[in-house]
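Below is one structure, written out as structure tokens, with a few remarks after it.
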Amino acid sequence: MVQKKKKKSAMQPMYDSIETQLNAGASGAKLMQSMCQQVDDLLIKLWQEKAPHAVKKVDLVAVGGYGRAELAPQSDWDLWFLLGDEADDNCKQEIETFLYALWDLGAKIGYAVRTNQQTLEHVKEDWTSATAALEARLLLGQGHQFDTMHQKISKFFKKQRKAFVEAKLKEFETRHNNTGGTAFLMEPDIKECKGGLRDVQSIFWMAKAWYGSACCEDLVGLGALSQREYEHLSTAQDFLWRCRAALHLAVKRPNDRLGYEQQAILAEQLGYDDHDDHFAVEWFMKDYFRHAGRIARVSSLLVMHFQELLHPKFFAFERNIEDGFTLEGQRVGLQHSKVFQENPLRLLRIFHVAQQDKRHLSSVALRQIRADVLLIDDEFRANAQAHQVFLSILRDRRNVAHALREMHDTGVLGRFVLPFREVVGLGQFNRYHAYTVDEHTLRAVAEARNFYHDEHATRLPLANELWHKVSRPELLYLALIFHDIAKGMVGDHSINGEGLARDFCLSIGLSVEASGLVAWLVRKHLTMAVTSQRFDLSDPEVIETFARKVVDLERLQYLFLLTVADISAVGPNVWNDWKGSLLRELYQSTARFLMQGGEQDEVVQQKRNERLDARISSALRDAQGDELHSLSAALRCLPWRCVMHFPPRQLNPLASLLEKNDEGVCLFADKVGGETLVMVLADDRDNLFASLTSAIAIGHINVLAAQAFDLKNGRVLDVFHVQDMQGKSLSHDADLQRLQKRLEKTLAAPNQRPVIPALKLDKITVLMRNVPLRVRRLAVSSEHQTTIEVAASEQPALLARLAWVISDMGFELKGAAISTFGERIVDVFFVEGKQGGCLTTDEVNALCLKLREEASLPEDV
0 MVQKKKKKSA MQPMYDSIET QLNAGASGAK LMQSMCQQVD DLLIKLWQEK APHAVKKVDL
60 VAVGGYGRAE LAPQSDWDLW FLLGDEADDN CKQEIETFLY ALWDLGAKIG YAVRTNQQTL
120 EHVKEDWTSA TAALEARLLL GQGHQFDTMH QKISKFFKKQ RKAFVEAKLK EFETRHNNTG
180 GTAFLMEPDI KECKGGLRDV QSIFWMAKAW YGSACCEDLV GLGALSQREY EHLSTAQDFL
240 WRCRAALHLA VKRPNDRLGY EQQAILAEQL GYDDHDDHFA VEWFMKDYFR HAGRIARVSS
300 LLVMHFQELL HPKFFAFERN IEDGFTLEGQ RVGLQHSKVF QENPLRLLRI FHVAQQDKRH
360 LSSVALRQIR ADVLLIDDEF RANAQAHQVF LSILRDRRNV AHALREMHDT GVLGRFVLPF
420 REVVGLGQFN RYHAYTVDEH TLRAVAEARN FYHDEHATRL PLANELWHKV SRPELLYLAL
480 IFHDIAKGMV GDHSINGEGL ARDFCLSIGL SVEASGLVAW LVRKHLTMAV TSQRFDLSDP
540 EVIETFARKV VDLERLQYLF LLTVADISAV GPNVWNDWKG SLLRELYQST ARFLMQGGEQ
600 DEVVQQKRNE RLDARISSAL RDAQGDELHS LSAALRCLPW RCVMHFPPRQ LNPLASLLEK
660 NDEGVCLFAD KVGGETLVMV LADDRDNLFA SLTSAIAIGH INVLAAQAFD LKNGRVLDVF
720 HVQDMQGKSL SHDADLQRLQ KRLEKTLAAP NQRPVIPALK LDKITVLMRN VPLRVRRLAV
780 SSEHQTTIEV AASEQPALLA RLAWVISDMG FELKGAAIST FGERIVDVFF VEGKQGGCLT
840 TDEVNALCLK LREEASLPED V
């Protein structure tokens, strides 16, 4: 315990000094340099004290971020001990004593003890060592070893600069792919993500290896950067340095991930406040994304610059093509710098030209577009030719997503589609959305574009099929561009976005009908997902209600594609087979309803019977003789909506359970649907559904949906669709066996109420507190049950607790649909009254009150 206190007291003065300077408004550069200087002073003093013999024979060298003098409070101190010929065992012993002294202080040290020759060998074999050598800085020593090493390293890079830069470019790409591929992640890594500090460092490393430049500012004189780009880069880097220093001070450990909790802390630490209907943390993150975006854009230009240096012959060939543009290798460039000033419409045309042959824009073209983007003004936006070029980009079957992304990166998209500017860098502060609004939108467009490719026919066959049926894909792209465009506005973003979409579509010359379809898609873009995940799709009333909202088959096709693209673009692993199967079922059921039109009841009933026969035949296609007859009879005892609820592959194990004619549990790991089906057959009794829900919740299993079916023999069939915590079906035998035993134990002891752990106060996060609690009756047309929705913060076993509330009040829970959106859950319960049928108004009010009390966080009641 004494040692821990010593560590804290030894390092704390440094941290206190940095925090004082941070609070006083010091720049990021000042904070990094101050931390570095304090560490320099400590190390030099301690080295002289602990290594009086080695100090004359060993050069103490700082490398890495410490060598660059970019040291955050919790950063590692990377050191090289360069041994001269006169270094002996005493030197090595003193180095060890010095390191132990540092560890006793609580310092985090990375080190290497080598001769010059050993160092050079490591540099030749390992690009990480070579990178460290670029940033080496002499702390203390005679300097002979350091100077010799520096000379050898310089010669090495003159010979190997091409290989080094190629390695760094590959590393640059790999790192971006491993960290999300965007600067607009909602919980970014300040250091490693695209647009982070590592991007700037990588550019510095390549520049120093290629040019011998000491800093990025030298690239201005070399023509690789404009003065404006350098200023953007240095300002953004300084902002991230301040953020990193504040983050290290806040969490008191090496951590560069800017999580939601830390974002709120840093917003206050860095002086942001609430104003203009936005929280302080929103303003802080908007600034973060603005700076990260600038680093990403400038560093991408420099990556292109180094690619051109590496392959000069490929980019040397240049020929003029249409309308003032050139072709440089596979990149579209400009014939001269006045191309856009001569004709501003070229600011759109260049993207269409590049799109047609799946080409990228050159670094010169990208830079010039950003310089001239203000030429897109009201007159430009009212130009009919500009409208046609923009629509041509959306109608093209090639590279739509990339064209829109480059338009966004250069500022063209926000200048032409003015409302889009309001969502640039706009955060969505929940763990459901992984990206900012603009990044999510562009990813949704890319997801929709992917429907066209045949390789997606296996993963999303219905989306692939419908993509080829829609006649005007540009309307789908417009709906995706506008579906979240009003999220920065006060009020319902679907309603506000509807008006913005209609106005824009009419302004670019689309017909009233086409504009109306885009506006309707924006207004209803959540409807299909909500219906599929929160309601019983085997209930004909649910299908009819949804079909009357959709009106016709064309709208249904567009809405399905938009919904799949939207969900797929929310974040990694948000889309899953379970959601896909629900959407597919809703689409197919609604399409059948719309195509049936006004058929007579007897015709509809005949078709229902035909579908029932087909479903059972498909499920039992491998059964024969007596087995077929027995299993078929078991399934025909089920209500029609129960049979139609399950796909054929799930009916076979269910039939086996029913055939036994006894209470029991059946688990079916459905890898196709990405879920595990929990089926429980039991005699009807009080609290059964709540007890089973509790047994499942104890195992840390996600319940996606649940249904309770009354059978003709007086028994009930309770069905739970579950996944593991990674969003996959339960596949391990041990997990399935444990769940089976818990459920069987519950059936054997129906009156034993399980203990459900309470939510601990220290587990409640800022995001959970910010989730609004809402309990209400949903206006769903049904004569036999009442639908209650609970929207609350996600809590352990909340579904089971709410189920017990319903059961304790004497109501019968007939099913539930569960949706999780990060830290927010929406549970929908289908409830029957004490005498069957719907609840009375008084019963609904009393139940909602009790559910609200149960779902409230501690101290929030």
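Counting in numbering that gives the first Met the number 0, the sequence shown runs from 0 upward without gaps. Note that the Cβ used here is the ideal one computed from N, Cα and C, for glycine as well. Predicted model only: the values in this text are computed from it and were never measured.
(request) Give a yes or no on whether the C-beta atoms belonging to C716 and L637 are separated by under 9 Å. (result) Start at 1 with the first residue of the sequence shown, and residue 716 comes out as number 717. Start at 1 with the first residue of the sequence shown, and residue 637 comes out as number 638. The sequence as given places Leu at residue 716; Cys does not occur at that position. For L716 and L637, yes; Cβs fall inside 9 Å.
(message) What does the Cβ neighbour count give for C214, buried or exposed, with the cut at 16 atoms within 10 Å?
(response) In the sequence shown, counting from the first residue as 1, residue 214 sits at position 215. Flag for C214 reads exposed.
(message) Please classify K154 as buried or exposed, where buried requires at least 16 other C-beta atoms within 10 Å of its C-beta.
(response) Indexing the sequence shown from 1 puts residue 154 at position 155. Classification for K154: exposed.
(request) Out of M808, V804, E793 and T840, state which residue places its alpha-carbon closest to the alpha-carbon of I817. (result) Taking the first residue of the sequence shown as 1, we reach residue 817 at position 818. Among M808, V804, E793 and T840, the Cα nearest to that of I817 belongs to E793.
(request) Identify, in the order they occur along the chain, each residue of the same chain with its Cβ nearer than 8 Å to the Cβ of V331, setting aside the five sequence neighbours on each side. (result) As a working mapping, residue 331 is identified with position 332 in the sequence shown. Result list for V331: I320, F324, T325, I349, V352, A353, R358, H359, L360, S361 and A364, in chain order.
(request) Check each candidate in G726, D734 and L104 and name the one with the smallest Cα separation from F820. (result) Start at 1 with the first residue of the sequence shown, and residue 820 comes out as number 821. That would be G726, whose Cα lies nearest to the Cα of F820.
(request) Give the straight-line distance between the Cα atoms of E378 and M406, rounded to the nearest whole angstrom. (result) As a first step, residue 378 is located in the sequence shown; it is residue number 379 there, counting from the start. As a first step, residue 406 is located in the sequence shown; it is residue number 407 there, counting from the start. Roughly 19 Å between the two C-alpha positions.
(message) Taking a contact to mean a Cβ-Cβ separation below 9 Å, would you say L265 touches A291 in this structure?
(response) Within the sequence shown, numbered from 1, the residue matching residue 265 stands at position 266. Within the sequence shown, numbered from 1, the residue matching residue 291 stands at position 292. Against a cut-off of 9 Å, the Cβ pair of A291 and L265 comes out as no contact.
(request) Report the rounded CA-to-CA distance for R547 versus I697, giving the unit in angstroms. (result) Taking the sequence shown and counting its residues from 1, one reaches residue 547 at position 548. Taking the sequence shown and counting its residues from 1, one reaches residue 697 at position 698. Whole-angstrom Cα-Cα distance: 41 Å.
(request) Return helix, strand or coil for I94, following the three-state DSSP convention. (result) Looking up residue 94 in the sequence shown gives position 95. In this structure, I94 counts as helix in the three-state DSSP scheme.
(message) Among H492, E674 and T544, whose alpha-carbon lies nearest the alpha-carbon of N575?
(response) Numbered from 1 along the sequence shown, position 576 holds the residue referred to as residue 575. For the residues H492, E674 and T544, the minimum Cα distance to N575 belongs to E674.
(message) Suppose you measure from the CA of F171 to the CA of G195; what does that come to, to the nearest Å?
(response) In the sequence shown, the residue the question calls residue 171 occupies position 172. In the sequence shown, the residue the question calls residue 195 occupies position 196. Each residue's alpha carbon lies about 11 Å from the other.
(request) For the beta strand (DSSP E) holding L477, just list the boundary residues, first then last. (result) Taking the first residue of the sequence shown as 1, we reach residue 477 at position 478. Careful: L477 lies outside any beta strand (DSSP E), inside the alpha helix (DSSP H) at P472 to F481.
(request) Would you mind sorting W102 into buried or exposed? The rule is 16 or more other CB atoms within 10 Å of its CB. (result) Indexing the sequence shown from 1 puts residue 102 at position 103. W102 is exposed by the Cβ-count criterion.
(request) Check each candidate in V702, K207 and V62 and name the one with the smallest Cα separation from V827. (result) If you number the sequence shown from 1, residue 827 lands on position 828. Nearest of V702, K207 and V62 to V827, Cα basis: V702.
(request) Count the other CB atoms, across all protein chains shown, that sit within 10 Å of the CB of A681; report buried if there are 16 or more and exposed otherwise. (result) Within the sequence shown, the letter at position 682 stands for residue 681. Counting Cβ neighbours within 10 Å, A681 comes out buried, since at least 16 surround it.
(request) For the region 51-64 and the region 75-86, state whether three or more C-beta atom pairs, one from each stretch, are separated by less than 8 Å. (result) yes
(message) Classify H482: buried if its beta carbon has 16 or more other beta carbons within 10 angstroms, exposed otherwise.
(response) For the purposes of this step, residue 482 is identified with residue 483 of the sequence shown, where counting begins at 1. When all chains shown are included, H482 counts as buried.
(message) Spatial neighbours of V436 within its chain, please: C-beta separation below 6 Å, excluding the five flanking residues on both sides.
(response) For this step, residue 436 is matched to residue 437 along the sequence shown. The residues are V422, L425, D483 and K486.
(request) Mind checking which residues open and close the alpha helix (DSSP H) that includes D377? (result) Here residue 377 corresponds to residue number 378 of the sequence shown, with the count starting at 1. Here the alpha helix (DSSP H) through D377 covers D377 to R380.
(message) Can you look up W76 in the DSSP assignment and give me helix, strand or coil?
(response) The residue you call residue 76 lines up with position 77 of the sequence shown. Note: W76 maps to strand in three-state DSSP.
(request) Determine the extent of the beta strand (DSSP E) in which A707 is found, giving its start and end residues. (result) What you label residue 707 is simply residue 708 of the sequence shown in a count that begins at 1. From DSSP, the beta strand (DSSP E) with A707 extends over N701 to D709.
(message) Using only the alpha-carbon positions, how far apart do F163 and T127 sit?
(response) Numbered from its first residue, the sequence shown carries residue 163 at position 164. Numbered from its first residue, the sequence shown carries residue 127 at position 128. Near 10 Å, if we compare the C-alpha coordinates of T127 and F163.
(request) Provide the residue span of the beta strand (DSSP E) that contains G332, from first to last. (result) On the sequence shown, residue 332 is found 333 positions in, with the first residue counted as 1. Element bounds for G332: R330 to L333.
(message) So L582 and V563 are supposed to be a Cβ contact under 8 Å. How far apart are they, rounded?
(response) Counted from its first residue, the sequence shown places residue 582 at position 583. Counted from its first residue, the sequence shown places residue 563 at position 564. So it is a contact: roughly 7 Å between Cβ atoms.
(request) Pick out whichever of M643, A53 and A613 has its Cα sitting closest to the Cα of L893. (result) Lying outside 0 to 860, the shown extent of the chain, residue 893 is not represented and no answer is given.
(message) Cutting at 7 Å between CB atoms, please list the residues of its own chain near N651, excluding the five before and the five after it.
(response) In the sequence shown, the residue the question calls residue 651 occupies position 652. The residues are A618 and L619.
(message) So the candidates are K167, L70 and Q427; which of them puts its Cα closest to the Cα of R243?
(response) Along the sequence shown, read from residue 1 onward, the residue named residue 243 stands at position 244. With distances taken between Cα atoms, R243 lies closest to L70.
(message) According to DSSP, simplified to helix, strand and coil, what is F810?
(response) For this step, residue 810 is matched to residue 811 along the sequence shown. Coil at F810, not helix or strand.
(request) Using the Cα positions of E446 and A400, report the straight-line distance between them to the nearest angstrom. (result) Taking the sequence shown and counting its residues from 1, the one referred to as residue 446 is at position 447. Taking the sequence shown and counting its residues from 1, the one referred to as residue 400 is at position 401. If I take the Cα positions, the gap works out to 9 Å.
(request) Output the boundary residues of the alpha helix (DSSP H) element that contains D237. (result) As a first step, residue 237 must be located in the sequence shown, where it is residue number 238. Taken as a continuous stretch (DSSP letters only), the alpha helix (DSSP H) holding D237 covers Q226 to V250.
(request) Assign E201 to one of three DSSP states: helix, strand, or coil. (result) The count along the sequence shown starts at 1 and reaches residue 201 at position 202. In the sequence under discussion, the amino acid at residue 201 is Ser, which differs from the Glu named in the question. Helix, per DSSP.
(message) Threshold first: 3 residues or longer. Then list the beta strand (DSSP E) segments lying entirely within the region 765-805, N to C.
(response) 773-776 and 785-792
(message) Under DSSP, the alpha helix (DSSP H) around Q340 begins and ends at which residues?
(response) Reading the sequence shown from its first residue, position 341 is the one you call residue 340. V338 to E341 is the extent of the alpha helix (DSSP H) around Q340.
(message) I need the straight-line Cα distance from Q144 to E93, nearest angstrom please.
(response) Here residue 144 corresponds to residue number 145 of the sequence shown, with the count starting at 1. Here residue 93 corresponds to residue number 94 of the sequence shown, with the count starting at 1. Roughly 18 Å separates the two Cα atoms.
(request) Determine the closest residue to A263 out of K251, F283 and R252, with distance taken between C-alpha atoms. (result) As a working mapping, residue 263 is identified with position 264 in the sequence shown. Closest by alpha carbon: F283.
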